[in-house]
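With positions in the sequence shown counted from 1, the corresponding number in my numbering is that position plus 17. The C-beta atom is built at its ideal place from N, Cα and C for all residues, glycine as well. Below: one structure, written as structure tokens.
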Amino acid sequence: MLLILWPSNVIDAEDPEEELDYTDEYDTDYTDDFSDQFEFNIEDYDLSDWTNHEELGEELDRIEDESNGEVEVEVLGTSQNDRELYSARAGEGDRVLLIDSEIHGNEKSGTEAILSMLDTLGTDDSQEVELVLYELTIIAVPKLNPDGSEDSQRQNDISWEEVVENHPQLEDAEPAWYWNESANGFDVNRDFNPDLDYEPQPEDLPGTSADPGIFLSNEARILADLYQDLEAEFGEVEAYVNLHHMGTPQLEETGEDVTVALSYPPLGPEDNPKYDEWEDLDQDKSRRYTMAAANGMEEKADDDDYPVLARYINPDIFDLSGIALGAFGLNGSASILFEMAGQQPQTPYDEDLIEVVEDGLWGIANSMADGTVDDINGDDFYDIPKYWPDEPNVSEPGQYATDFTENAAGEAPEDWSPIWQGEEEQFTVLEDPNRLQHVAESGVRGLTSDEVGEIFGSAEMFGLVRGSNVQETLFELGFHMSGSSTNENMIYADAQIEDADSGESSIRIMERNGGSAEALASEELPFTLEEDEWYRVLLQRDADALRVKMWPNGQEEPEEWQAVEEQGSRYGGSVGISHATPGTVNEYAFIGVGIGGEEAPHAPDDILDPEDPGDAPAIENLQPTEDLSLSAGESVDIAFDSEPGLDASFSIRMPLVNTQSAPTELPMTETDDGHYVAYWTATSNVEAEGAEIEVAVTDEDGNENRETAEGRLDINVDEDSSEKDITIDNIRTMIEHSDETGEFASDEAFQALSTHLTAVNHYEQQNDAGKVVNHMEGFQDLLNDQQANEAISEKAFEDLQAQANAVIENWE
């Protein structure tokens, strides 16, 4: 089933016109004019119950005066319109709790809750409050966006001309995506950057919701500076609370109106590889502190029906490092989001709601003070009911790639499936180079990857593609492929070849929705597209941000994306290729896919024209050069010189005398740079005349060389040669060979066997059969022990055991 995100919820595609009746904190479309949707006359509302900016200063002065030094008020800076940004500080502990409210000027209840909490901290001498003041340092910014608050609007109040005055380096840059022209201001809660030292750069504008913020507003910069000051003073900001309002959702199962929704930083799937370098990010920690807030609200509730708590919209499907919650979470703080029901000015002052919010703040503070926050199970967060419909889990991070070399030529690839009007005979794997060919016919015909399957969340797709018989569209490559014939859904990249009308080549981000295709973004390419030329394409969905770039094969990948668009209404579906122009032929030499924050693998640079790996390494001074006659138990030294660092092996190639077995490749050891050695010991069950010694070397590029030694081997060919006595000297020689070729893990193992044979040799010279047999059995025990402790190679163990058995048989 296709799912649509609008703008923050997942809605069944059968009712794509269904809209939510509230604005959500993770909404990312701020470039449109919302005046029609949220049109109101502020003069029609009574805001006198709410604390305005002037009253806030007076109230903070009162709290400070009455606190006898427990609460200290400071002006952190000013807004664009010169209104003070106040902070209040209480406590002397090492655990830091930072709280802010009214980052959006139309979300006011948090300010009232903070003022009530500060009043209690300054005047209440209860044991609970005293413990909090002793263990914690609490810093609150009650009204972060005073300009927006005065107008009861989400944004602050600053023109783009004023932004450029504040940041002259941005004179020629486009406005940031989160600056709203109709509201004349920023959504301040999109202006944060996890790099707290970041300075605005023109090349980072306009940006997207998936990018960090730019620190263009006074408000965001002031809060980030406060955060850094606290880090410098205390080492870390242990917890950060961000107080907001939302709309008026109802619980999914019961239909009850939600009082407060809670959440943690929305940074994509758990363990998002995009944030691997942010080692201090701890989402479970954020969930534990969020549960502390929920526990505080429920423990102080007057009845079972109020408050109604909920999980806020699934944070795994959003990726917002540019909000305060995300930026401070990436810096290691437990970051907690409160979303209260209703927004101002439409939602009136609600003392009960304000009390619930304060209870949540005390829940966090108390559990930090007594240490119980460290014992909370973060997974309990998932037991809080939700108010959005079920949706699939976000895909785990993964990478997939194919160059079609594992598919049979002349057939459709086995691990791909046609979609819509697609049929297998339209998709064929070809050779030289290996590639997937798609011959388009009438109708929209696609092919999707079975290995990747259905994906949910962020994705990236790479293709190495060329086209012929192109009428206009060179190719179609994308994801979110779902639906049925004539009702196709897909987000894809295509490229428009130059024609008489356009006079230019372009790259586009496209959407198919219910069978209709629409261009979401289009940009002219810095080169002219041509048929039968290979191009590299990269399409990315990063949360709500869609990006694409294209470049000729053999050239460097551009650093910048060529086309960018925000779009959040496609979720799920498969990845693949498609086309709708009859007669167009596409060929793909490589397709790579990354999901869950992973990058899509790219085709190797030489995939279409592999580099000559070079000549095979030479083999020189191959030994033995003369024929040798071996009896059972006797060994031959094998050696040669070549390049260092090679894989080397040898085999004994027997004439078809008394064996039909294939020669076994045995490893050789590089004892010095480029010098390779081994030995081979004849056994009594082999007879051969003129056996050959073949050696092989392979370099890192797979180049292989083989040569046969001039010296041949006659093995057990003399009469009774296979029954010749094996002496202790034969075994000692074999041990020395084994040591030279690295068959022992240590010198101690070699010395132990050599020392043991010295005693056996003494009894052999005395012709003392009993002691020879007894000590050779001890020699075998020693071998067994070395094998068990991996002190000897399997080959040396088997050879020495065979020779020891032969000696014992000779003397028994």
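CB-CB under 8 Å to residue i, same chain, minus the five flanking residues each way: which ones, in chain order?
i: N638; result: A656, F657 and D658
i: S523; result: A512, Q513, S539, E540, E541 and L542
i: F232; result: D208, F209, N210, Y215, E216, P217, R238 and A241
i: Y693; result: A656, F657, D658, S659, L663, A665, M685, T686, E687, V712 and V714
In whole angstroms, what is the alpha-carbon distance linking residue i and residue j?
i: A713; j: F767; result: 28 Å
i: S176; j: N98; result: 11 Å
i: D756; j: R670; result: 25 Å
i: I832; j: H261; result: The shown model of the chain, from 18 to 829, leaves out residue 832, and the question about it has no answer.
i: I514; j: D228; result: 31 Å
i: L763; j: F345; result: Looking at the sequence provided, one finds Ser at residue 763 rather than Leu. Computed Cα separation, rounded: 53 Å.
i: A311; j: N331; result: 17 Å
i: D212; j: F473; result: 28 Å
i: I340; j: P282; result: 9 Å
i: D632; j: G719; result: 10 Å
i: P569; j: P621; result: 14 Å
i: S96; j: P163; result: 7 Å
i: L453; j: F421; result: 7 Å
i: E834; j: E471; result: A question about residue 834 goes unanswered here, because the residues of the chain that appear run from 18 up to 829.
i: E493; j: G439; result: 14 Å
So what does DSSP say about residue i, is it helix, strand or coil?
i: S539; result: strand
i: P618; result: coil
i: K788; result: helix
i: L411; result: A small correction: the amino acid at residue 411 is Val; Leu does not occupy that position in the sequence shown. Residue state, collapsed to three classes: coil.
i: N197; result: strand
i: G346; result: helix
i: G613; result: coil
i: N259; result: strand
i: F473; result: coil
i: G377; result: helix
i: S485; result: strand
i: M498; result: strand
i: E294; result: coil
i: L337; result: coil
i: I231; result: coil
i: N145; result: Per the sequence presented here, residue 145 reads as Glu, with Asn not at that position. Helix.
i: I752; result: helix
i: W437; result: strand
Leaving out five residues on either side along the sequence, give the residues of the same chain with a beta carbon under 7 Å from the beta carbon of residue i.
i: K788; result: Y780
i: T465; result: W433, S434, I436, M498, S591, V592 and G593
i: Y306; result: A256, A351, I353, I381 and V390
i: L546; result: L491, A512, I514, E515 and S522
i: L537; result: I526, M527, E528, L563, E582 and Q584
i: L663; result: P634, V714, T715 and D716
i: E829; result: V790
i: E76; result: T68 and L132
Answer with buried or exposed for residue i, where buried requires no fewer than 16 other C-beta atoms within 10 angstroms of its C-beta.
i: I59; result: exposed
i: N806; result: exposed
i: Q820; result: buried
i: Y399; result: exposed
i: V92; result: exposed
i: D387; result: exposed
i: Q579; result: buried
i: N394; result: exposed
i: G313; result: buried
i: N784; result: exposed
i: Q782; result: exposed
i: N383; result: buried
CB-CB under 6 Å to residue i, same chain, minus the five flanking residues each way: which ones, in chain order?
i: A429; result: E441 and F444
i: V149; result: A382 and A386
Across the segment 598-613 and the segment 471-478, are there enough close Cβ pairs to call them in contact, namely three or more that are closer than 8 Å? yes
If you pair each beta-carbon of the segment 219-231 with each one of the segment 66-84, do three or more pairs fall below 8 Å? Flag = no, the segment 219-231 and the segment 66-84 do not touch.
Should the segment 374-382 be called in touch with the segment 591-599, which here means at least 3 C-beta pairs below 8 Å? no
With contact counted as at least three CB pairs below 8 Å, one residue from each stretch, are the segment 185-204 and the segment 317-332 in contact? no
The segment 423-436 / the segment 572-580 touching (three or more Cβ pairs under 8 Å): no
Using a Cβ distance threshold of 8 Å, determine whether the segment 337-357 contacts the segment 71-81, with at least three qualifying pairs required. no
Specify whether the segment 98-111 and the segment 153-168 touch according to this definition: at least 3 beta carbon pairs, one from each stretch, less than 8 Å apart. yes
Assess, as a yes-or-no matter, whether the segment 547-563 is touched by the segment 503-510 under the definition of 3 or more beta carbon pairs within less than 8 Å. yes
Any chance the segment 722-732 sits against the segment 704-713, with 3 or more Cβ pairs inside 8 Å? yes
Kindly confirm or deny that the segment 261-277 and the segment 124-143 touch, where touching means at least three C-beta pairs closer than 8 Å. yes
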